[in-house]
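Since the structure comes first, as structure tokens, the remarks are kept for the end.
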Amino acid sequence: MENVAIIGASMTQFGQRDSWVRELLAEAGTACLDDAGVAPDAVEHLYVSNMASGEFEGQTGVPNALAHDLSAVPAYTARIDQTSSSGSAGVYHAWQSVASGSSDMTLLVGGEKMTHKTTAEATDVIASLTHPVEYKQGVTLPSFAGLTARLYLDTYDAPRESLGKVAVKNHKNGVDNPKAQFQKEVDLETVLESPIVADPLRLYDFCPITDGSAALMFCPESVAKEYADDYVLVSGVGGATDTHVVHERADPTTMRGVVESSDQAYEMSGYGPDDIDVAELHDMFTILEFLQSEDLGFFEKGEGWKAVEEGVTDRDGELPINTSGGLKSKGHPLGASGVAQAVEIYEQLQGEAGPRQVDAEVGLTCNVGGFGNCVITTILEQA
Amino acid sequence: MEAYRYSDGSITYPGHDIGPDGSEPVDTVDLSEYTAEVVTWTRSTATPPGVRAPNTLAIVEFDVDGEPVRAIGQVTTEEIEIGDKIRPVYVDELREPGAGIREPESQEWDGYRFEPV
Numbered sequence: 443m444e445n446v447a448i449i450g451a452s453m454t455q456f457g458q459r460d461s462w463v464r465e466l467l468a469e470a471g472t473a474c475l476d477d478a479g480v481a482p483d484a485v486e487h488l489y490v491s492n493m494a495s496g497e498f499e500g501q502t503g504v505p506n507a508l509a510h511d512l513s514a515v516p517a518y519t520a521r522i523d524q525t526s527s528s529g530s531a532g533v534y535h536a537w538q539s540v541a542s543g544s545s546d547m548t549l550l551v552g553g554e555k556m557t558h559k560t561t562a563e564a565t566d567v568i569a570s571l572t573h574p575v576e577y578k579q580g581v582t583l584p585s586f587a588g589l590t591a592r593l594y595l596d597t598y599d600a601p602r603e604s605l606g607k608v609a610v611k612n613h614k615n616g617v618d619n620p621k622a623q624f625q626k627e628v629d630l631e632t633v634l635e636s637p638i639v640a641d642p643l644r645l646y647d648f649c650p651i652t653d654g655s656a657a658l659m660f661c662p663e664s665v666a667k668e669y670a671d672d673y674v675l676v677s678g679v680g681g682a683t684d685t686h687v688v689h690e691r692a693d694p695t696t697m698r699g700v701v702e703s704s705d706q707a708y709e710m711s712g713y714g715p716d717d718i719d720v721a722e723l724h725d726m727f728t729i730l731e732f733l734q735s736e737d738l739g740f741f742e743k744g745e746g747w748k749a750v751e752e753g754v755t756d757r758d759g760e761l762p763i764n765t766s767g768g769l770k771s772k773g774h775p776l777g778a779s780g781v782a783q784a785v786e787i788y789e790q791l792q793g794e795a796g797p798r799q800v801d802a803e804v805g806l807t808c809n810v811g812g813f814g815n816c817v818i819t820t821i822l823e824q825a
Numbered sequence: 747m748e749a750y751r752y753s754d755g756s757i758t759y760p761g762h763d764i765g766p767d768g769s770e771p772v773d774t775v776d777l778s779e780y781t782a783e784v785v786t787w788t789r790s791t792a793t794p795p796g797v798r799a800p801n802t803l804a805i806v807e808f809d810v811d812g813e814p815v816r817a818i819g820q821v822t823t824e825e826i827e828i829g830d831k832i833r834p835v836y837v838d839e840l841r842e843p844g845a846g847i848r849e850p851e852s853q854e855w856d857g858y859r860f861e862p863v
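Chains B and D, in that order, give the protein sequences. The opening residue of the first sequence carries number 443 in this note's numbering; numbering runs sequentially from there. The opening residue of the second sequence carries number 747 in this note's numbering; numbering runs sequentially from there.
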């Protein structure tokens, strides 16, 4: 099986955008074709990561629409929906399409248009992924975060402030990301005094609602050499599920999908947690950064909060996490997020991250759908 | 509040066509006849259309003759503590059907809230 390379990357401005989903996807797709130096008619497979364009906007069939808008017809196309992890599920499918020999040039574009809905409406679209026994109780994804955060703090005797420090760190990183929704630092006091959303979590423990799109170009390594001197390799990718009904998990502070998917990605790549130089984690809620950093094997269970307290995960720390600003400050356009995580790692490995640049040869992304219901872990490395 | 018991003795709420280790459902258990202990809880203030605000929710664990089974539900009070004992109390409409995105006919809307004992 030939190595799969990434030869181009792009993302639109994240935030409140006037563009609708088709326009956002086309903007990122066009920029990625330009970045990779690939002609539209060279694209053989075109995947679109998107959770809910029908529910948000009444626009379905977006992959075919994008193929036409990019003049990539007759490329094979499909929509990849795995809720919040649709983006990395797209990475998985794009990798498969090239690794299997089905496609010599695969464009992946993830995107979502959300901000035209009220917070309550957007929260409900996302909560519609829950089981009927959860949905009828008014359970939302933020409420799962509140339930889990309280148990985590209680079980591991972690201070509430440590969660706030995740928000402070990621906002600080976002200041240097011109594509981020928020390019503004917040202090710990602001986080800890912001309005309660799901006790003990407050407004600044949550990512915003966002419009945006991001894209990546995949091809076999032999083809990559025709287009670029420097490119990135997909070293490992793994995907797994956990229970649909969240309360049925024996230990709510462990995300089994993170454990399983990262085990697969580590095995495929030959790398382990100690080999990762930089990581983008799914900090839709601050508590998720602790859970993932532990379940990926970066830190012992119950000790992820200490790493944040000690600055280990700062941009200049031993293991920088969310140099892009994370979902927390960059924003979380559902289907785009996993793609945008890989765009950040791609730029870090290519030395194109500007003021956010860290010293990295191997990077990891972890993209979480639902409340850990579906998880994809991806490991990328410099060619 | 119907839970399924499987051939290996395990119980889940809600029930599934196939049990946790692949065993078949053999019986049902009405959890509303039991009390439970609060595992964790939250008070959600940003609630979707048709949901009360604030919406205090708890994950609780029932002990059904030595077999643990967990459930999630609304709490009758705004605050509660980990370890508190609760009992389920019936409510004919937990949230307003049709106010949110889900098709009203696709599921039931009655159920149980948890009341501190």
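Where is the CB? At the ideal position from N, CA and C, for every residue including glycine.
Inspect the beta-carbon positions of residue i and residue j and report whether they are closer than 8 angstroms.
i, j, result
"F660 of chain B", "L550 of chain B", "yes"
"P482 of chain B", "A514 of chain B", "yes"
"P574 of chain B", "A640 of chain B", "no"
"S790 of chain D", "T560 of chain B", "no"
"A447 of chain B", "P694 of chain B", "no"
"A656 of chain B", "V485 of chain B", "no"
"T441 of chain B", "A749 of chain B", "Limits of chain B in this structure are 443 at one end and 825 at the other, which puts residue 441 of chain B out of reach."
"V797 of chain D", "G580 of chain B", "yes"
"Q393 of chain B", "R464 of chain B", "Here chain B covers residues 443 to 825 and nothing more, so residue 393 of chain B does not appear."
Tell me which residues share the same chain as residue i and place their Cβ nearer than 8 angstroms to its Cβ, disregarding the 5 neighbours each side in the sequence.
i, result
"R602 of chain B", "L595, L634, P642"
"E770 of chain D", "Y752, S753, I764"
"N506 of chain B", "T519"
"Q799 of chain B", "Q790, G793"
"E469 of chain B", "T454, S461, S655"
Please list, in chain order, all residues of the same chain as residue i whose beta carbon is under 6 angstroms from its beta carbon, the five residues on each side excluded.
i, result
"P650 of chain B", "Q623, G773"
"F808 of chain D", "L777, Y780, A782, V815"
"G450 of chain B", "C474, D477, A478, M659"
"G767 of chain B", "N612, N615, G616, N619, A622"
"I638 of chain B", "R644"
"A600 of chain B", "W747"
Buried or exposed: residue i, going by 16 or more other Cβ atoms within 10 Å of its Cβ?
i, result
"A692 of chain B", "exposed"
"G777 of chain B", "buried"
"H510 of chain B", "exposed"
"A564 of chain B", "buried"
"P775 of chain B", "buried"
"G553 of chain B", "buried"
"E825 of chain D", "exposed"
"E849 of chain D", "exposed"
"M556 of chain B", "buried"
"P797 of chain B", "exposed"
"T685 of chain B", "buried"
"G606 of chain B", "buried"
"V863 of chain D", "exposed"
"M547 of chain B", "buried"
"S852 of chain D", "exposed"
"D856 of chain D", "exposed"
"P794 of chain D", "buried"
"T728 of chain B", "buried"
"E690 of chain B", "buried"
"T774 of chain D", "exposed"
"K578 of chain B", "buried"
Just confirm the distance between the C-beta atoms of residue i and residue j, as a whole number of angstroms; I'd bet it's less than 8 angstroms.
i, j, result
"S491 of chain B", "A473 of chain B", "That belief does not hold up - the Cβ atoms of S491 of chain B and A473 of chain B are roughly 16 angstroms apart, past 8 angstroms."
"V674 of chain B", "Y788 of chain B", "5 angstroms"
"E842 of chain D", "G755 of chain D", "About 38 angstroms separates the two Cβ atoms, so there is no contact after all."
"A825 of chain B", "D672 of chain B", "7 angstroms"
"V835 of chain D", "Y858 of chain D", "6 angstroms"
"G805 of chain B", "D719 of chain B", "6 angstroms"
"S779 of chain B", "L769 of chain B", "6 angstroms"
"S732 of chain B", "P715 of chain B", "Note on identity: in this sequence residue 732 of chain B is Phe, with Ser being the wrong assignment. In fact, because the Cβ distance is near 15 angstroms, the residues do not count as touching under 8 angstroms."
"L512 of chain B", "S677 of chain B", "Not confirmed; about 28 angstroms, so no contact."
"D737 of chain B", "M697 of chain B", "5 angstroms"
"A682 of chain B", "V817 of chain B", "6 angstroms"
Pull the bridge partners of residue i from the DSSP assignment, please.
i, result
"Q820 of chain D", "D:L803"
"E748 of chain D", "D:D776"
"T859 of chain D", "Note that residue 859 of chain D corresponds to Arg in the displayed sequence, not to Thr. Looking at the DSSP assignment, R859 of chain D forms a beta bridge with D:V835."
"Y489 of chain B", "B:A520, B:L550"
"A721 of chain B", "B:I763, B:L806"
"I818 of chain B", "B:G681, B:N809"
"L643 of chain B", "B:A640"
"F660 of chain B", "B:I448, B:T548"
"E823 of chain B", "B:L675, B:V804"
"P814 of chain D", "D:D809"
"G457 of chain B", "B:D653"
"S790 of chain D", "B:A640, D:N801"
Ordered along the chain, which non-local residues of its own chain (more than five positions away) have a Cβ less than 7 angstroms from that of residue i?
i, result
"V754 of chain B", "E760, L761"
"S604 of chain B", "W747, V750, E751"
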